[in-house]
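What follows is a single structure, written as structure tokens, with notes after it.
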Amino acid sequence: GGETLPAGHTYTIRWTQKDIDMVTLGYSTTTGQVDWIVYNRAVDPQDTTGSYDWVVPANLAGKTTVKVEILGYKTGTGAEYDWSNDVFSVVTP
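Residues in the sequence shown are numbered consecutively from 49, following the working numbering.
Here it is as structure tokens:
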């Protein structure tokens, strides 16, 4: 969190993981609604880290309270989730 990202540019979302086989990524602008970036992406359960290259949407330009949500799933056992530690801003490039 705390970054300023230009709309339309690629930003790498990184996370640590343990014993999951799918991940879902989304973002929110404090409205409570999550817009999904990628849904149920398969990951290797042996990996301890993961990443996804996200093209920051143009419609987020001017927003100053964006957060990313990460949900990790293990098939048949439920999900764990986390939000970015702080909000970030999106600017017009």
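C-beta: ideal position from N, C-alpha, C; glycine also.
- When DSSP states are grouped into helix, strand and coil, Ala-106 belongs to the helix group.
- In this structure Glu-51 does not touch Val-82 by the C-beta definition: roughly 19 angstroms separates them, more than the 8 angstroms allowed.
- For Pro-54, the closest alpha carbon among the candidates Leu-119, Gly-110 and Glu-128 is that of Gly-110.
- Annotated three-state conformation of Pro-54 is strand, per DSSP.
- With a cut-off of 8 angstroms on Cβ pairs, the segment 61-78 is in contact with the segment 119-131, counting three or more such pairs.
- When DSSP states are grouped into helix, strand and coil, Ser-132 belongs to the coil group.
- Ranking Asp-92, Val-91 and Ser-76 by CA distance to the CA of Ile-85 puts Ser-76 first.
- DSSP places Val-114 in the strand class (E or B) of the three-state scheme.
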